[in-house]
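In what follows, a structure is listed as structure tokens, so that the remarks can point back to it.
Protein chains in written order, with my numbering: chain F, 594 to 815; chain Y, 42 to 578.
As structure tokens, then:
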């Protein structure tokens with residue numbers, strides 16, 4: 594940690610972050626923002642393919658999907674939804690506090706965001722463990738006594754694929770949050786210029802919004 | 042460091058290349074990678090043609106043949122054609138054409154190269170670890186049960202997809218945010234328009250391919266059976282996902298080619314494009330409609346008559362936008378002062394081959410005809426006319442057109458025209474017989490065929506040999522020129538393009554001073570002080 598060294602003046606730190614290809618910081622921030630939105634568009638299409646598969650298979654195996662949905666752990670799924678929504682708020686609040694020059698609060702709220710993200714993954718792990726104990730595993734080993742139907746297997750394959758891909762994104766998001774903590778702590782991200790924080794926040798929100806769609810598809814619509 | 046030192050000498054040693062953030066050097070890295078892929082894929086193609094010289098087994102059996110055509114397809118599509126023109130010439134020239142110092146995200150750009158390199162290494166490793174025998178389309182359920190290295194290859198292509206997305210993000214953002222002061226959207230060079238349209242497809246379609254291939258890899262490894270009818274899956278859904286990317290991918294391959302052609306025709310006709318707006322906007326038209334035409338790959342897979350009709354008509358819209366371009370390029374020649382150079386030879390080759398490829402594309406988009414031609418050599422010939430006849434000729438046109446600017450050396454125009462003639466004629470001889478073979482009913486992807494098809498196959502193999510020799514000659518004189526060629530002027534073609542207004546080879550930050558953007562990139566009708574360079578005026 595560099596807390597021992599005197600902090601550089603935030604107003605001075607900002608111009609040093611200008612990359613040579615940009616005329617000014619405003620243009621650079623605009624580019625970073627646009628790039629992030631384009632990337633998020635790309636991410637949406639990555640998930641869109643799986644959502645399309647879900648729609649097609651749900652049409653084909655409507656009754657099996659409903660039956661499988663009744664075996665889902667609604668409590669954990671719903672708890673996780675709240676965990677993620679709160680974490681979206683905390684990351685937004687972290688950025689808000691930094692903008693007002695409150696670096697300490699920013700760090701605290703980033704840390705809370707990471708704890709919530711980890712909590713989500715812990716719940717997910719408990720849920721997966723529960724599935725595995727009942728023979729509900731992805732792929733060849735599927736051996737559920739309660740839900741032997743072919744459509745149920747398709748449902749759980751999709752469930753593991755979609756929540757698994759989402760969990761990978763959560764892990765990525767946690768890594769991003771950890772990096773942001775070091776950026777803020779080392780005063781690289783300043784109240785004057787903290788584009789990376791906003792971009793990390795956008796990514797976190799996207800991963801949350803994907804879950805907002807997974808929640809009804811895998812827990813609510815039984 | 043002086044601001045006028047060439048980008049080639051601005052840093053020395055291997056490290057200065059491998060960790061460069063300079064878009065021009067990254068372009069050169071892509072040139073090395075994609076040319077290597079072209080060479081490997083080309084050798085595979087020649088081996089395939091050798092096998093097909095006689096009916097029955099010639100040099101390899103059925104399984105080796107299956108692996109070889111798969112590897113030829115994967116290498117040519119994902120390692121060469123998709124990244125070639127955007128990765129090499131898009132990287133090198135898009136920022137210069139916009140008057141920018143670099144792309145918006147130079148580090149991401151370098152990451153894009155490494156994703157390409159690592160993905161390619163994984164794909165090539167899969168070839169040595171048993172190969173892949175599914176065809177480059179990875180169709181399920183065979184691909185999820187094949188004993189070959191499907192999962193490795195699919196994962197490699199997934200990683201290359203990341204490279205494509207990174208490049209796409211960079212080009213979209215660079216075009217939006219780094220245009221020189223005062224350069225409006227309708228002032229940007231046509232090559233930039235086509236790369237921009239390509240980048241949109243790269244960003245929005247590639248993740249769907251990535252997902253489909255990831256599913257194949259996961260399925261292959263753990264047996265999810267997500268596309269396996271025996272386990273409740275639907276293989277046609279894979280085809281939908283796959284072609285949702287892979288049809289637009291055709292335009293990832295051909296739109297940059299069209300951008301090259303637009304630049305080449307204006308420079309060597311010394312004329313304004315007949316309609317700048319038509320060429321620029323038809324690129325966006327192709328990018329848009331390209332997303333809505335994937336279904337024509339599934340006409341015989343199980344599709345309602347209505348869907349087939351709708352997809353067929355949507356596919357034909359592509360031909361309308363392409364025809365707008367072809368007519369505009371032709372009209373650009375009118376009243377121009379045409380110089381016959383190697384790039385211009387490739388331009389005429391492109392026009393001829395692309396029109397044939399495009400017209401047969403309209404034919405196969407007609408579902409009733411497609412039933413007859415599907416999975417025959419007719420389709421093989423059709424897409425090679427578009428992809429090789431279009432993308433490869435444009436790649437070679439671009440390489441020759443920009444070679445002096447990129448390397449500061451001049452290649453032999455005499456050898457260039459010999460090479461171009463052999464490539465174009467060799468190509469036509471390779472694939473014209475395949476139209477006839479396909480129409481006569483020879484199916485694709487078999488190592489053997491009935492004896493009555495042999496004379497056409499011999500013709501095709503002979504053509505491939507000429508094409509291969511032409512490519513070898515091209516490689517030879519270009520490598521020679523790289524080391525021994527005479528120094529090039531700043532603007533040897535007397536082009537008005539922005540990239541020719543900078544020193545040759547360009548300095549590290551692209552322009553010696555403030556980039557000069559007036560007159561416009563195609564203002565051949567306006568006199569300016571550069572005209573004293575022009576001996577003909």
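C-beta atoms are modelled at their ideal positions from N, C-alpha and C, and glycine is treated no differently.
query	result
Chain Y contact for residue 750 (chain F) (CB, 8 Å cutoff)	yes
Chain Y within 8 Å of residue 672 (chain F), Cβ atoms only	no
Under the three-state DSSP convention, the category residue 230 (chain Y) falls into	coil
Residues near residue 789 (chain F) by beta carbon distance below 7 Å, same chain, minus five either side	773, 776 and 782
Distance between residue 621 (chain F) and residue 740 (chain F) (C-alpha atoms, nearest Å)	54 Å
Coil, strand or helix - residue 276 (chain Y) by DSSP	helix
Under 7 Å by beta carbon: chain F residues contacting residue 146 (chain Y)	628
Identity of the residues DSSP links to residue 417 (chain Y) by a beta bridge	Y:484
Residue 802 (chain F) at chain Y interface by Cβ criterion, 8 Å	no
Alpha-carbon spacing of residue 706 (chain F) relative to residue 665 (chain F), whole angstroms	26 Å
Beta carbon proximity, residue 665 (chain F) to chain Y, threshold 8 Å	no
Closest residue to residue 463 (chain Y) among Y:394, Y:515 and Y:66 (Cα-Cα distance)	Y:515
Within chain Y, partners of residue 643 (chain F) - CB distance below 7 Å	252
Stretch-stretch touch, CB-based, cutoff 8 Å, three pairs: the region 327 to 339 of chain Y with the region 465 to 482 of chain Y	no
Cut-off 7 Å between Cβ atoms - residues of its own chain near residue 243 (chain Y), not counting five sequence neighbours on either side	205, 206, 208, 209 and 293
Euclidean distance between Cα positions of residue 700 (chain F) and residue 423 (chain Y)	59 Å
Selection of the region 723 to 756 of chain F by Cβ proximity to chain Y, strictly under 7 Å	731, 732, 733, 743, 744, 746, 747 and 750
Pairwise C-alpha distance: residue 647 (chain F) and residue 640 (chain F)	11 Å
Contact belief for residue 316 (chain Y) with residue 282 (chain Y) at Cβ below 8 Å, rounded distance in angstroms	Wrong, their Cβ atoms sit about 37 Å apart, outside the cutoff.
Paired residues, beta bridge with residue 47 (chain Y) - DSSP	Y:548
Inter-residue spacing [alpha-carbon to alpha-carbon] between residue 188 (chain Y) and residue 173 (chain Y)	9 Å
Buried versus exposed call for residue 555 (chain Y) [16 or more other C-beta atoms within 10 Å across all chains shown]	exposed
Element boundaries [alpha helix (DSSP H), containing residue 764 (chain F)]	743 to 778
Residue 451 (chain Y) in three-state terms, based on DSSP	strand
Any C-beta of chain F under 8 Å from that of residue 208 (chain Y)	no
Among Y:176, Y:408 and Y:239, the one whose alpha carbon lies nearest that of residue 339 (chain Y)	Y:408
Simplified DSSP state of residue 660 (chain F), which is helix, strand or coil	helix
The alpha helix (DSSP H) enclosing residue 495 (chain Y), as first and last residue numbers	495 to 525
Environment of residue 578 (chain Y) [buried if 16+ CB atoms lie within 10 Å]	Unreliable placement is indicated for residue 578 (chain Y), whose pLDDT of 37 sits below 50; no coordinate value is reported for it.
Sheet register partners of residue 784 (chain F) (DSSP bridge)	Note: residue 784 (chain F) sits in no beta bridge, so no partner.
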